[in-house]
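Chemist:
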Amino acid sequence: GLTTAGVMVEVPSAALRAARILREAEFLSIGTNDLSQYALAADRQHSGFPELLDPWQPAMLDLVARCAEAGAA
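So, in structure tokens, the structure goes:
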């Protein structure tokens, strides 16, 4: 059976509250495609602004880092 419970981080609010979420969940899994779409207000299907979906975009790195720091605490 299921022995651990985790949370998918796919929206910015979850990344910003990662430390609080980890009080209840045992791990986080970061859905970077959805997270970047919602954090940068960029549709993945629209190719007009590829720089907004760059995985190294500083805002995305900040959100991922926040999750990692929460997990390390």
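Just so we're aligned, residue 6 is where the sequence shown starts under our numbering, counting upward by one.
Where is the CB? At the ideal position from N, CA and C, for every residue including glycine.
1) Let me check you understand the geometry: is the CB of SER18 closer than 6 Å to at least one non-hydrogen atom of the ligand GDP?
2) Please classify GLY76: does DSSP put it in a helix, a strand, or coil?
3) Using 7 Å as the threshold, is the C-beta distance between VAL69 and ILE26 below it?
4) Could you please give the first and the last residue of the uninterrupted beta strand (DSSP E) stretch that includes LEU33?
5) Expressed to the nearest angstrom, what Euclidean distance is found between the alpha-carbon atoms of LEU66 and PRO60?
6) Please report the straight-line C-alpha distance between VAL12 and GLY6, rounded to a whole angstrom.
7) Check each candidate in GLN50, PHE32, LEU40, ASN38 and name the one with the smallest Cα separation from ALA73.
Modeler: Taking the structure as given:
1) Absence of the ligand GDP is noted for the structure shown, with no ligands found whatsoever.
2) Correct three-state label for GLY76: helix.
3) Cβ distance not < 7 Å, so VAL69 and ILE26 don't count as in contact.
4) Boundaries of the beta strand (DSSP E) harbouring LEU33: 32–35, taken from the DSSP string.
5) Cα to Cα, LEU66 sits roughly 8 Å from PRO60.
6) Spanning the alpha carbons of VAL12 and GLY6 requires a straight line of approximately 17 Å.
7) Of the candidates GLN50, PHE32, LEU40, ASN38, the one whose C-alpha sits nearest the C-alpha of ALA73 is PHE32.
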